[in-house]
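Everything on this sheet refers to the single structure shown next.
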Amino acid sequence: MINARLSMQFDVTPNIVNRVTTLVNSAYSMAEHGLWQKTVQRVQHAEIAERLERSELMIATINGEIMGVVSVETLDDNTGGFGMLATDPVIRGLGVGRALIHAAERWALNQGLTVMRLELLTPRTWRHPVKESLKAWYRRLGYAPHSTMPFDQMYPHLHDRLATKCDFTVWLKTLSTEQIFETSTRHRPQVHGRPIRQRIRVMNDPVD
Ligand SMILES: CC(C)(COP(=O)(O)OP(=O)(O)OC[C@H]1O[C@@H](n2cnc3c(N)ncnc32)[C@H](O)[C@@H]1OP(=O)(O)O)[C@@H](O)C(=O)NCCC(=O)NCCS
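Each residue of the sequence shown is one higher than the last, beginning at 41 in the numbering used here.
Next up, the structure:
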């Protein structure tokens with residue numbers, strides 16, 4: 041069973057900080073290959089420790105092992121954001137990524153937020169296959185591109201770390217409770233005869 045829960049202060053241990061930092065950096069180094077200079081890491085241990093402590097990370101576990109993570113934040117009175125989405129390559133395609141996004145959306149709804157935002161980095165002059173499949177996936181999850189800006193205008197201090205010219209596109213989704221747990225008719229991996237997506241348990245949900 042996939043569990044997704046918000047991080048707590050007790051998660052700030054060397055093992056968990058290391059695991060989450062490595063998970064994010066290795067996932068991004070593969071997914072953003074060619075976009076960044078080789079020495080660039082997506083995140084440092086200190087930032088992960090801070091975010092874990094502030095309950096800004098949603099953690100997905102399978103049999104108690106951390107297999108995925110996503111950061112969540114409140115951006116304004118209506119808008120939540122998620123980022124740093126990463127799952128362990130050994131469980132890709134089993135629904136952990138989708139479970140994390142649903143958990144992030146559920147978290148946002150519980151905060152009284154009605155819109156969820158994500159940012160997608162893409163090369164300006166060529167198509168990155170990973171980014172193309174992410175775009176299609178985000179659309180399937182109900183997100184739509186909202187605005188695009190050159191990366192160097194949004195994050196001028198990081199501009200010289202890029203290996204190629206890039207843009208940042210903001211994607212938005214209006215949240216509704218129904219959308220979050222709607223089931224797909226697409227084929228999903230089965231566990232004991234049940235689609236794995238229906239076996240997702242989101243911790244810290246309010247009791248209905
Ligand atoms: C993006 C990411 C988090 C998805 O994680 P995941 O655990 O594979 O997520 P899911 O199992 O929910 O699958 C996501 C989608 O990809 C599809 N998918 C997964 N593996 C696939 C494969 N080998 N071929 C085709 N589609 C595949 C799934 O069908 C699913 O689509 P669906 O929900 O419409 O069925 C993961 O690939 C990752 O860590 N990527 C690197 C970091 C990254 O790019 N983060 C996002 C930055 S914006």
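Cβ atoms here follow ideal geometry from the backbone N, Cα and C, with glycine treated the same way.
Residue range of the alpha helix (DSSP H) that residue i falls in?
{"i": "residue 50", "result": "Counting along the chain, residue 50 falls outside any alpha helix (DSSP H), and DSSP gives it neither H nor E."}
{"i": "residue 140", "result": "136-150"}
{"i": "residue 86", "result": "85-93"}
Could you check the C-alpha separation between residue i and residue j for me, to the nearest Å?
{"i": "residue 102", "j": "residue 136", "result": "9 Å"}
{"i": "residue 223", "j": "residue 99", "result": "Note that residue 223 scores a pLDDT of 41, beneath 50, so its modelled location is shaky; the value from the coordinates is reported in the next line. Computed Cα separation, rounded: 22 Å."}
{"i": "residue 188", "j": "residue 210", "result": "6 Å"}
{"i": "residue 128", "j": "residue 152", "result": "31 Å"}
{"i": "residue 206", "j": "residue 190", "result": "6 Å"}
{"i": "residue 199", "j": "residue 85", "result": "22 Å"}
{"i": "residue 139", "j": "residue 185", "result": "21 Å"}
{"i": "residue 62", "j": "residue 94", "result": "19 Å"}
Confirm the yes/no value for this check: CB of residue i, any heavy atom of ligand 1, distance under 7 Å.
{"i": "residue 177", "result": "yes"}
{"i": "residue 212", "result": "no"}
{"i": "residue 143", "result": "no"}
{"i": "residue 131", "result": "yes"}
With residue i as the anchor, note down where its beta strand (DSSP E) starts and where it stops.
{"i": "residue 105", "result": "105-114"}
{"i": "residue 211", "result": "206-214"}
Is residue j closer than 8 Å to residue i when the C-beta atoms are compared?
{"i": "residue 123", "j": "residue 114", "result": "no"}
{"i": "residue 174", "j": "residue 208", "result": "no"}
{"i": "residue 57", "j": "residue 97", "result": "no"}
{"i": "residue 75", "j": "residue 196", "result": "no"}
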